[in-house]
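So the protein lines, in turn, are chains C and D.
Each residue of the first sequence is one higher than the one before, counting from 830 in the numbering used here.
Each residue of the second sequence is one higher than the one before, counting from 830 in the numbering used here.
Don't be surprised by glycine CBs; every beta carbon is placed ideally from N, CA and C.
One structure is given here, and the rest of the page talks about it.
There are 2 protein chains.
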Amino acid sequence: MKPFTFFGRFSRAFHDHPSLSRILLVSTISGGGLIAYSEANASFYSNNGVETGTRKKKVVLLGTGWAGASFLKDLNNPSYEVQVISPRNYFAFTPLLPSVTCGTVEARSVVEPVRNIGRKKNLEVSFLEAECFRIDPGSKKVYCRSKQGLDSKGKKEFDVDYDYLVIATGAQSNTFNIPGVEENCHFLKEVEDAQRIRRTVIDSFEKANLPNLNEEERKRILHFVVVGGGPTGVEFASELHDFVTEDLVKLYPKAKNLVQITLLEAADHILTMFDKRITEFAEEKFSRDGIDVKLGSMVTKVNEKDISAKTKGGEVSTIPYGMIVWSTGIGTRPVIKDFMKQIGQGNRRALATNEWLRVEGCDNIYALGDCATINQRKVMEDIVDIFKKADKDNSGKLTQREFQEVIDDDICVRYPQVELYLKSKGMRGIADLLKQTQAENGSNKPIELSIEELTSALCQVDSQVKFLPATGQVAAQQGTYLAKCFDRMEECEKNPEGPIRIRGEGRHRFRPFRYRHLGQFAPLGGEQTAAQLPGDWVSIGHSSQWLWYSVYASKQVSWRTRVLVVSDWVRRFIFGRDSSRI
Amino acid sequence: MKPFTFFGRFSRAFHDHPSLSRILLVSTISGGGLIAYSEANASFYSNNGVETGTRKKKVVLLGTGWAGASFLKDLNNPSYEVQVISPRNYFAFTPLLPSVTCGTVEARSVVEPVRNIGRKKNLEVSFLEAECFRIDPGSKKVYCRSKQGLDSKGKKEFDVDYDYLVIATGAQSNTFNIPGVEENCHFLKEVEDAQRIRRTVIDSFEKANLPNLNEEERKRILHFVVVGGGPTGVEFASELHDFVTEDLVKLYPKAKNLVQITLLEAADHILTMFDKRITEFAEEKFSRDGIDVKLGSMVTKVNEKDISAKTKGGEVSTIPYGMIVWSTGIGTRPVIKDFMKQIGQGNRRALATNEWLRVEGCDNIYALGDCATINQRKVMEDIVDIFKKADKDNSGKLTQREFQEVIDDDICVRYPQVELYLKSKGMRGIADLLKQTQAENGSNKPIELSIEELTSALCQVDSQVKFLPATGQVAAQQGTYLAKCFDRMEECEKNPEGPIRIRGEGRHRFRPFRYRHLGQFAPLGGEQTAAQLPGDWVSIGHSSQWLWYSVYASKQVSWRTRVLVVSDWVRRFIFGRDSSRI
């Protein structure tokens, strides 16, 4: 409970002095603004310095989601020519999509044209609204298709050359090949999805209100099913619950006793990626709100009007529904699957990159965000080379001094699992680990390890390899990281700043990508939010809702969206949500 | 020029003291607010007084446009049960649709749920989202169809009984059966049309930006054609021009020299319903703005990529286009056509009603707004009965006293053309007209007219019969008028307040509907608007733009839309229009 205390006090302060929250909101918004302003004015590179006559390197960026947009926003070096290709000409602030589904926030308020994001730079950026359907690393080309007919023959395809390719196409919803999901369910990945859900909710209420229907049919139509108890599914369920109880029942009084929201989750709890306290609170709140949470329910089939789910015991139940929102996780896009086959990654689930976000087996191709995973190198794979590298005098024994001189810091940078392992054991450095191993082996002379002893000291370390979650936060940090690498490519070629190359000579150009988790929110409806911050600080309730408002307002990519989102919130407080079917 | 002076001064005052405009804006908005507030609180009838045991009369209202919404808003008598049926569950503030096409105002800001409009009353109002496809006056039923499948057999149709039917379904765009219009043109009647146009404009810019196109193709794609030089067409053309020059060229710099806007108008001038000064100003402004206005161009055919038009000389020219917005006038909806055939009005262009908005030949069916026209009774048709009614003593001669006693006021109320005729001749009353006729006939004894003399005196009068324009203003006034008639139906049954029945006994229950023209605006882009106010006052320029803002803000149906529309305008001033393709 210790880490809880500080945040608990912090959050209690907000409870006791609600005005504090407003101050935080205002200051965070203006803080965000200052950052945005300074960003808009920053110009690290002058255009004049680049006209050296050499051809600019062409960077092709696929995708304009969190990864793509933050790469584009942070890239500053004018020695590149950037070509952005995406089927959407805007960046969408996806954490607010559940709010868009019920009109708490308008769709227009969470999008910003990509051209605006790229425009502020002294960088040559151009944009093509098209979808890449094939990547050809051999000829260094991407093949694209526009949704619109192009030339007089209606040709819709074209290709684009690249010097560097940055793949940030994101993922698609995962149906797990369950029959009927694709045809009958709504997903919640794109702005259009959210708009469609909003229209369908209103449609359901209008439909249930028509004559010639019996009670049972009306109940079916007003039965909203959410599949997946992750943050998106949970947030949608609570948004919908608020929309219904705060706004719709006033206009559709007859519907009040007919509406039902059901949440199906295959695991034993919802919000499993969060602290247990949050999970419990959410489950209790949903039960109080009348949201029917069915845990341990695996969907097996979706028909036009009913959905079948199997419990862990194997019982299959079929329930009629009016609308389903499917939010169970992500799957690989076809273009990425095809590319993975080409480069021999066909049996993987996502594009594997090394720790510098470069696609394994490809030069000059980088992948980030939800379409990729970092394939963290294991210490055990490299243990022989680590030993060799460290054993400067080739004595076959590693002294503590050798270890510290050559490799102490580098090994933690190169293999972040080492640091995590040490932390989990309460140790300050590798020396401690080596000492302990020696002590366990009954020796207490100055540290001197054989390769077998080193292996035995480090053999548990790789259990700490962490996979990054598929969140916007990870994608955005990767985008920023890669942009900084691109900015300093030439500079770091000369003065590499990464860790020692274990299997080769010299140093890596850059430090590998490291994710800094800043916390995560789970809005639970009724102006209550659960927040889990670094160090496992947990806060639940109205105060975190204000923190949520503050953080999401400050994280907006532009002043326009910031003002719009905040005014949407205010509008909702005053007038409620609109139920016009447009 | 005389009437121009007052408004000229008024508008000059605004020029010299721009702050005045802001004051007007603020005061008009708050004024509108006060009205809205008092309306919300007004409750003329208490629910308690109605429970008399008799069945409530069922009023079925078809349509939720200007006519339907204002009828619904103003109806207060709780002795009715109101059933609203419309395919749209919202009222749309149509004068702002051209602004929605370019994102100056958001679609959501101009709509208000019908249920909100009907909810404030102590009146029993219910709404069905469906389209009426057949009216059966014989069985007093309307047959409706929902867009959504209904019962388990997917039946989508149902019928509704009525005691009174109020038809306010509006009109549809008129294609004049010109081939290709339906398939290739955008209309601008519904909110969805405006949203679609917005997406298509952005699509055009994205498409013209793609590779593999030659200059000619790019020019074609960025050629926007507006057909129809009425207020809607003109406003759309100027909105589009502003959108392109103020916002899009910044993001699509290459498109700057390729964009072209063409306005095709079959008549000799645009905005023909306005004063000549406005027409001239608009044509000059468009020519300065580079909008190509082709007058006297009759569209003959629209293909997928080009449009053919014929000049008055008979020359046919074909021009390639990227997008067409068709805004040439209104046509009859199929359901109304079918109904007209049933009641023997098959050869008319719109549903004919009498001056009390009751459909001719039908009891208890009323029609208002764009789907109907008032068939104003001619004086000459009734001249024999007028004479008989006035000639109390059956002397075969009409004395001035007889005339004044029986019919003087009533005739002006019953036949508004009489008043218009007198005004056009500078006379104060019918007595003047009769005197003049007598004088022309060389007689100067106290007025005493034969039927022939009365006929000759009034024979010119019917030339002044005016058809009402198909505007929201007319429709709204009709809705309010009819609601008031319905409210006072019983009361006026006992104490009729209308004019004398010329062909029957007693008086009409109500005074006939009279339209009060409050003026009309034509926004011309670049923060300039032309305004034509009653008495032919004309004002053009920035000051009228502020007047336009004030009037449109105050005319919003709810506080929510009022706040949203004003904040959209402010947002546009600060951040420009958004160009995300959603």
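Subject >> Boundaries (first-last residue) of the alpha helix (DSSP H) holding C:L1124 >> reply: As a working mapping, residue 1124 of chain C is identified with position 295 in the first sequence. Run containing C:L1124: none in the alpha helix (DSSP H); it sits in the beta strand (DSSP E), 1121-1124.
**OP:** Show which residues of chain C have a CB atom less than 9 Å away from the CB atom of D:E935.
**Re:** As a first step, residue 935 of chain D is located in the second sequence; it is residue number 106 there, counting from the start. Within 9 Å Cβ-Cβ: E935, R937.
Original post:
Going by beta carbon distance, what residues of the same chain come within less than 6 Å of C:T857, once the five residues before and after it are set aside?
Top reply: Locating residue 857 of chain C in the first sequence gives position 28, where the first residue counts as 1. Per-residue confidence for C:T857 stands at a pLDDT of 46, beneath the threshold of 50, marking its modelled position as unreliable; no derived number is given.
**OP:** Quick one: list the residues of chain D neighbouring C:L1393, beta-carbon separation under 8 Å, in chain order.
**Re:** Locating residue 1393 of chain C in the first sequence gives position 564, where the first residue counts as 1. Those are R1400, listed as they occur along chain D.
**OP:** In the DSSP assignment, find the alpha helix (DSSP H) that holds D:D1071 and state where it starts and stops.
**Re:** As a working mapping, residue 1071 of chain D is identified with position 242 in the second sequence. Counting along the chain, the alpha helix (DSSP H) containing D:D1071 begins and ends at 1060-1071.
Original post:
What's the call for D:K1170, buried or exposed, on a 16-neighbour Cβ count within 10 Å?
Top reply: Residue mapping note: residue 1170 of chain D aligns to position 341 of the second sequence, counting from 1. Exposed, because fewer than 16 other Cβ atoms sit within 10 Å of the Cβ of D:K1170.
**OP:** Using a cut-off of 8 Å between C-beta atoms, extract the partners of D:N1223 located in chain C.
**Re:** Mapped onto the second sequence, residue 1223 of chain D falls at position 394. Under the 8 Å cutoff, chain C gives no residues; its nearest Cβ is about 58 Å from D:N1223.
**OP:** Note down, in chain order, each residue of its chain lying with its Cβ closer than 6 Å to the Cβ of D:Y1381, except the 5 sequence neighbours on either side.
**Re:** Here residue 1381 of chain D refers to the residue found at position 552 when the second sequence is read from its first residue. None.
**OP:** Determine which residues of the region 885-919 of chain D have a Cβ less than 9 Å from any Cβ of chain C, and write them out in chain order.
**Re:** R917, N918, Y919
**OP:** Please classify C:K897: does DSSP put it in a helix, a strand, or coil?
**Re:** If you number the first sequence from 1, residue 897 of chain C lands on position 68. According to the sequence shown, residue 897 of chain C is Gly rather than Lys. C:G897 falls in the helix class under three-state DSSP.
**OP:** Could you tell me which of D:G1151, D:H1098, D:T1140, D:S1126 sits nearest to D:Q1089, measuring between CA atoms?
**Re:** Counting from one through the second sequence, the residue named residue 1089 of chain D turns up at place 260. Nearest option by C-alpha distance: D:G1151.
Subject >> chain C contact for D:N945 (CB, 8 Å cutoff) >> reply: Taking the first residue of the second sequence as position 1, residue 945 of chain D is located at position 116. Yes, contact with chain C.
Subject >> Beta-carbon contacts of C:F1216 that lie in its chain and below 7 Å, excluding the five residues immediately before and after >> reply: Reading the first sequence from its first residue, position 387 is the one you call residue 1216 of chain C. Cβ within range, chain order: L1227, I1280, L1283.
Original post:
Residue range of the alpha helix (DSSP H) that C:I1026 falls in?
Top reply: Stepping through the first sequence from its first residue, residue 1026 of chain C is reached at position 197. That run of the alpha helix (DSSP H) goes 1020-1037.
**OP:** Flag D:N1412 as yes if its beta-carbon sits less than 8 Å from any beta-carbon of chain C, otherwise no.
**Re:** Limits of chain D in this structure are 830 at one end and 1411 at the other, which puts residue 1412 of chain D out of reach.
Original post:
Exposed or buried, D:D1192, counting other C-beta atoms within 10 Å across all chains shown (16 or more means buried)?
Top reply: Walking along the second sequence from the start, residue 1192 of chain D turns up at place 363. D:D1192 comes out exposed.
Subject >> Interface flag, C:F987 vs chain D, CB-CB below 8 Å >> reply: Here residue 987 of chain C refers to the residue found at position 158 of the first sequence. Taking Cβ atoms only, chain D reaches closer than 8 Å to C:F987, which makes this a yes.
Subject >> Nearest to C:L1042 (by Cα), restricted to the options D:I1007, D:P1040, D:F987 >> reply: Along the first sequence, read from residue 1 onward, the residue named residue 1042 of chain C stands at position 213. Residue D:F987 is the option with its Cα nearest to C:L1042.
Original post:
Just the Cα atoms here: how many angstroms apart are D:L1393 and D:K1083?
Top reply: Position 564 of the second sequence, counted from the first residue, corresponds to residue 1393 of chain D. Position 254 of the second sequence, counted from the first residue, corresponds to residue 1083 of chain D. Using only the alpha carbons, I get a separation of about 34 Å.
Original post:
Taking Cβ to Cβ, would you say D:F1034 is nearer than 8 Å to D:I1369?
Top reply: Here the question's residue 1034 of chain D lines up with position 205 in the second sequence. Here the question's residue 1369 of chain D lines up with position 540 in the second sequence. Their beta carbons are not under 8 Å apart, which means D:F1034 does not touch D:I1369 by this criterion.
Original post:
In chain D, which residues lie with their C-beta within 7 Å of the C-beta of C:Q977?
Top reply: To locate residue 977 of chain C, count along the first sequence from 1; it is residue 148. Residues of chain D passing the Cβ test: D1032, K1036.
Original post:
How many angstroms separate the CA atom of D:L1039 from the CA atom of D:T1029?
Top reply: Here residue 1039 of chain D refers to the residue found at position 210 of the second sequence. Here residue 1029 of chain D refers to the residue found at position 200 of the second sequence. Going from the Cα of D:L1039 to the Cα of D:T1029 covers about 15 Å.
Subject >> Nearest residue (CA-CA) to D:V1063, options D:T1309, D:E1234, D:V1154 >> reply: Mapped onto the second sequence, residue 1063 of chain D falls at position 234. Residue D:V1154 is the option with its Cα nearest to D:V1063.
Subject >> Assumed close pair C:L1353, C:K1114 - CB separation to whole angstroms, cut-off 8 Å >> reply: Position 524 of the first sequence holds residue 1353 of chain C. Position 285 of the first sequence holds residue 1114 of chain C. Going by Cβ atoms, the distance from C:L1353 to C:K1114 rounds to 5 Å, so yes, they are a contact pair.
Original post:
Does the beta carbon of C:K957 sit closer than 8 Å to a beta carbon anywhere in chain D?
Top reply: Counting from one through the first sequence, the residue named residue 957 of chain C turns up at place 128. The sequence given here has Leu at residue 957 of chain C, not Lys. Yes, contact with chain D.
**OP:** Below 7 Å CB to CB, which residues in the same chain sit around D:I946 once its five sequence neighbours on both sides are set aside?
**Re:** The residue labelled residue 946 of chain D in the question sits at position 117 within the second sequence. Closer than 7 Å at the Cβ level, and outside the excluded window around D:I946, lie A898, L901, K902, F920, V1386.
**OP:** Consult DSSP for C:V1145 and reduce its assignment to one of helix, strand or coil.
**Re:** Here residue 1145 of chain C refers to the residue found at position 316 when the first sequence is read from its first residue. C:V1145 falls in the strand class under three-state DSSP.
Original post:
Does D:P1008 come within less than 8 Å of chain C when only Cβ atoms are used?
Top reply: Here residue 1008 of chain D refers to the residue found at position 179 of the second sequence. With 8 Å as the cut-off, D:P1008 does not count as an interface residue toward chain C.
Original post:
Cβ of D:F1296 less than 8 Å from any chain C Cβ?
Top reply: To locate residue 1296 of chain D, count along the second sequence from 1; it is residue 467. Judged by the 8 Å Cβ criterion, D:F1296 is not in contact with chain C.
Original post:
Taking the alpha carbon of C:S1156 as the point to measure from, which residue in C:R1162, C:N1132, C:P1149, C:E1094 has its own alpha carbon closest?
Top reply: Residue numbering aside, residue 1156 of chain C sits at position 327 when the first sequence is read from its first letter. Of the listed residues, the one whose Cα sits closest to C:S1156 is C:E1094.
Original post:
Secondary structure at D:V1294, three-state DSSP: helix, strand or coil?
Top reply: Here residue 1294 of chain D is taken as the residue at index 465 of the second sequence, counted from 1. Residue state, collapsed to three classes: coil.
Original post:
In the structure shown, what three-state DSSP assignment does C:L904 receive?
Top reply: Reading the first sequence from its first residue, position 75 is the one you call residue 904 of chain C. Coil, per DSSP.
Original post:
Should C:G967 go down as buried or exposed, given a rule of 16 or more other Cβ atoms within 10 Å for buried?
Top reply: Here residue 967 of chain C refers to the residue found at position 138 when the first sequence is read from its first residue. Exposed, since its Cβ has fewer than 16 Cβ neighbours within 10 Å.
Subject >> CA-to-CA distance, C:K1221 to C:F873, given in whole angstroms >> reply: Position 44 of the first sequence, counting from 1, holds the residue named residue 873 of chain C. Position 392 of the first sequence, counting from 1, holds the residue named residue 1221 of chain C. Bear in mind that the predicted position of C:F873 carries a pLDDT of just 38, short of 50, making it too unreliable to give a figure here.
Original post:
Looking only at C-alpha atoms, which of D:T1061, D:Q1302, D:Q1267, D:I1259 sits nearest to D:H1346?
Top reply: Looking up residue 1346 of chain D in the second sequence gives position 517. Minimum Cα distance to D:H1346 is reached at D:Q1302.
Subject >> Partners in chain D for C:E1012, counting only beta-carbon separations shorter than 7 Å >> reply: Working through the first sequence from its first residue, we reach residue 1012 of chain C at position 183. The premise fails here: C:E1012 is roughly 15 Å from chain D at the closest Cβ pair, so nothing lies under 7 Å.
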